[in-house]
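These notes are about the structure you will find just below.
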Amino acid sequence: MSQSLIEGNRLSKVYATATGPLVALDNVSFGIEEGEFISLVGPSGCGKSTLLSILGGLEEKSDGTLVLAGKHHDAPRPDLGMMFQTSVLFSWRTIRENVKLPGIILGLDRKQQAERCDELLDMVGLNGFGDRYPDELSGGMRQRVALARLLAHDPRVLLMDEPFGALDEFTRETMNNELLRIWEKTGKTVVFVTHNVGEAVFLSDRIFVMTPRPGRLEGIIDVDLPRPRKAEIMRDPRFSELVFDIRRMLGVDH
Amino acid sequence: MTMQATADMIEPTSVNTHAERIDRFIAEERRRGRRRNIRNRLLAAGFGILVLAIWHFATTLGFVHALIIPSPADTFWATLRVGGADYFWPNVWVTLQEIFWGFAIGLASGVILGVGVAMFDVVRATIYPYLVALQAPPKIVLAPIFITWFGFDQASKIAIAVVMSFFPMFLNTLTGLSSVDPNAVKLMRSLTAGRWKTFRYLLLPNALPIMMAGVKLCWTLAVLGVIVGEFVGASAGIGYLIYAMNFQLDIAGVFSLIILLSLFTLIVYQLIEWLESRIIFWKQL
């Protein structure tokens with residue numbers, strides 16, 4: 001069997017707390033293929049953000065093995081990119097300077113990065129906003145900048161922690177469409193954390209359904225909806241069926 | 001009846017198009033804003049004049065003795081007298097030097113130790129408990145000891161100014177460097193940024209607003225430290241002059257020195273605020 005891009009085997013994470021050990025992640029195993037769009041879905045405390053941090057090399061796993069592109073993985077690396085629920089833009093840098101930040105930190109070619117920055121701002125629909133400052137932009141626009149910055153150093157894997165969770169419903173849907181368009185164009189591997197089941201079904205190839213206390217991988221759902229996907233897909237009976245299946249796995253519907 | 005007709009009945013007007021009404025509305029808003037501005041300035045100026053008038057009449061009509069509070073006119077003339085005296089500038093120069101060095105050393109040491117404690121766990125574990133403990137007593141108690149240690153000259157005043165201005169700069173640097181969005185730190189880590197790059201691109205700029213507030217405190221306390229030092233024991237300086245004039249019951253002279261010192265402190269304070277608006281420009285957006 002050929003190896004997946006990312007392979008987690010019996011991953012566990014335990015926090016030592018005053019009231020005893022807290023199991024945030026319990027024996028989680030999975031494989032993620034190159035170019036796949038994976039969502040981690042589950043309620044608070046199911047360990048989805050912990051798992052994402054471990055995938056990013058930002059948090060130490062307590063047990064198990066994690067392999068990325070054939071090598072053991074336990075530290076941040078430049079071929080990964082992270083995006084958060086808040087845009088985390090630096091208010092003292094212009095939009096363009098924010099998008100250039102990863103290139104500067106990683107010491108990439110400046111001229112090439114400048115061109116790439118303009119392309120990316122174009123791609124996320126922020127052409128002409130490069131010289132503005134973050135505080136002058138709306139929440140949705142700021143997340144667009146964060147998306148451009150995520151792609152700046154051309155990472156192979158995008159790790160996204162509820163990136164549109166703080167946006168209003170309409171902006172969130174627009175951003176989902178944009179993300180799909182960009183993903184289809186770039187062919188990146190995406191791991192996307194959300195607690196919005198509909199969002200996960202709309203975006204993903206496969207959905208890792210996680211349950212809390214302790215954080216477990218309850219099951220993996222194949223999303224067999226055709227691509228490219230547009231908003232109309234939500235009218236597809238299969239869409240509702242998948243949403244319902246996942247909700248049942250999470251124990252939301254009785 | 002159409003809507004337009006109803007509106008006209010409520011507010012008969014010669015201005016009929018939508019655009020004209022909008023223009024009129026905006027012009028009215030602007031007028032109101034200007035009027036409020038003028039009113040606020042008049043209020044402030046009026047209050048100042050009122051205080052001056054009370055001061056004037058209280059002192060000239062004999063309610064308060066001139067030895068306790070000199071009249072505004074006396075204070076004005078005293079300012080010219082003191083400012084023109086040949087002892088004035090040498091004493092001012094002594095104090096300015098003390099303030100400058102006290103401020104500079106207090107600021108630099110506060111920033112350096114603040115950065116050290118914020119960035120290095122070993123430094124924090126080693127010296128932070130002592131810095132907190134040293135912060136507890138009012139620094140003024142050190143003034144007499146410093147005069148004993150460093151003498152009547154400038155060194156003792158500088159030392160007092162340093163210990164007084166150090167703490168706000170240290171604490172604000174430390175607080176500024178620590179008040180950072182955890183996700184921003186995560187982002188920097190995910191980009192494989194080390195300690196130095198995280199400091200340079202995230203922590204330092206993020207800390208600047210709080211640090212600048214520290215600089216302003218640092219300045220005010222450096223001035224305070226120097227004057228207190230000169231009160232306790234000095235042979236020159238503005239504080240020394242104030243003390244001497246007070247002793248000679250030249251209260252008008254004391255008033256004039258206080259006013260000159262306030263002016264000087266205020267001008268530098270404004271300068272720092274101007275610098276602040278340049279350095280942390282993004283707060284003005």
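So the sequences go chain by chain: P and B.
1 is the number of the first residue of the first sequence in full-length UniProt numbering; add one for each residue after it.
1 is the number of the first residue of the second sequence in full-length UniProt numbering; add one for each residue after it.
All residues carry an ideal CB built from backbone N, CA and C; glycine is no exception.
Cβ distance (whole Å) where V209 of chain P is taken to contact G219 of chain P below 8 angstroms: 5 angstroms
F170 of chain B - DSSP class collapsed to helix/strand/coil: helix
CB contact below 8 angstroms: S190 of chain B versus chain P: yes
Cross-strand partners of A15 of chain P (DSSP beta bridge): The amino acid at residue 15 of chain P is misidentified as Ala; the sequence shows Tyr. DSSP, once it has assigned bridges, lists P:L22 as partnering Y15 of chain P.
Continuous alpha helix (DSSP H) stretch holding S109 of chain B: start and end: It spans 88-119 - the alpha helix (DSSP H) in which S109 of chain B sits, taken as one unbroken run.
Presumed contact (8 angstroms Cβ cut-off) between M169 of chain B and V215 of chain B, rounded CB distance: Between V215 of chain B and M169 of chain B the Cβ distance is about 7 angstroms, and since that is below 8 angstroms, they are a contact.
Exposed unless 16 or more other CB atoms sit within 10 angstroms - verdict on T17 of chain B: exposed
Beta carbon proximity, A193 of chain B to chain P, threshold 8 angstroms: By this cut-off, A193 of chain B is an interface position.
Unbroken stretches of the alpha helix (DSSP H), 4 residues or longer, contained in the region 59-127 of chain P: 95-106, 110-123
Same chain only: Cβ atoms within 8 angstroms of P214 of chain P, ignoring 5 sequence neighbours per side: V23, A24, L25, D26, G47
Neighbour list for W196 of chain B in chain P, Cβ cutoff strictly below 7 angstroms: Chain P residues near W196 of chain B: none, gap ~11 angstroms exceeds 7 angstroms.
At least three beta-carbon pairs within less than 8 angstroms, the region 250-268 of chain B to the region 224-241 of chain B: yes
Contact with chain P by D121 of chain B, beta-carbon distance below 8 angstroms: It does not; no Cβ of chain P falls within 8 angstroms.
Of the residues B:L131, B:T126, B:Q135, B:K157, the one placed nearest A143 of chain B, counting alpha carbons only: B:K157
Inter-stretch contact (C-beta, 8 angstroms, three-pair minimum) for the region 61-70 of chain B and the region 183-190 of chain B: no
Neighbour-count burial assignment, M1 of chain B, 16 or more Cβ in a 10 Å radius: Low local confidence applies: a pLDDT of 45 at M1 of chain B is under 50, so the model's placement there is unreliable, and no value is given.
Proximal residues, the region 51-83 of chain P versus chain B, C-beta separation under 9 angstroms: Answer in chain order: S53, G56, G57, L58, A75, P76, R77, P78, L80, G81, M82, M83.
Cβ-Cβ distance between T175 of chain B and V223 of chain B below 8 angstroms: no
L177 of chain B beta carbon less than 8 angstroms from that of L207 of chain B: For the sequence presented, residue 207 of chain B should be read as Ala rather than Leu. Closer than 8 angstroms, so yes.
M160 of chain P, enclosing alpha helix (DSSP H) - first and last residue: Premise fails: M160 of chain P lies in the beta strand (DSSP E), 157-161, not in any alpha helix (DSSP H).
DSSP three-state assignment for E33 of chain P, whether helix, strand or coil: Correct three-state label for E33 of chain P: coil.
C-alpha gap between R189 of chain B and F164 of chain P, whole angstroms: 22 angstroms
Inter-stretch contact (C-beta, 8 angstroms, three-pair minimum) for the region 93-100 of chain P and the region 136-146 of chain P: yes
Sequence-distant residues of the same chain with beta carbon closer than 8 angstroms to G56 of chain P, five excluded per side: Answer for G56 of chain P: P76, L80, M82, L159, listed in chain order.
Short CB-CB distance (under 8 angstroms) between D135 of chain P and chain B: Cβ-Cβ to chain B under 8 angstroms: yes for D135 of chain P.
Nearest-angstrom Cα separation, counted from T75 of chain B out to F57 of chain B: 14 angstroms
Whole-angstrom C-beta distance between G110 of chain B and F166 of chain B, which should lie under 8 angstroms: Yes, F166 of chain B and G110 of chain B are in contact; Cβ-Cβ is about 5 angstroms, under 8 angstroms.
C-beta neighbour in chain B for P102 of chain P, strict 8 angstroms: yes
Inter-stretch contact (C-beta, 8 angstroms, three-pair minimum) for the region 87-95 of chain P and the region 124-137 of chain P: Yes, since at least three Cβ pairs between the region 87-95 of chain P and the region 124-137 of chain P fall closer than 8 angstroms, the two stretches touch.
Euclidean distance between Cα positions of V41 of chain P and L271 of chain B: 54 angstroms
Closer than 8 angstroms to chain B by CB, W183 of chain P: Not an interface residue.
Inter-stretch contact (C-beta, 8 angstroms, three-pair minimum) for the region 113-125 of chain P and the region 3-10 of chain P: no
Bounding residues of the beta strand (DSSP E) (the contiguous stretch that carries T189 of chain P): 189-194
Cβ-based burial, D222 of chain P [other Cβ within 10 Å; buried from 16]: exposed
F255 of chain B beta carbon less than 8 angstroms from that of A78 of chain B: yes
Cutoff 8 angstroms; reference E173 of chain P; Cβ partners in own chain excluding five residues on either side: A231
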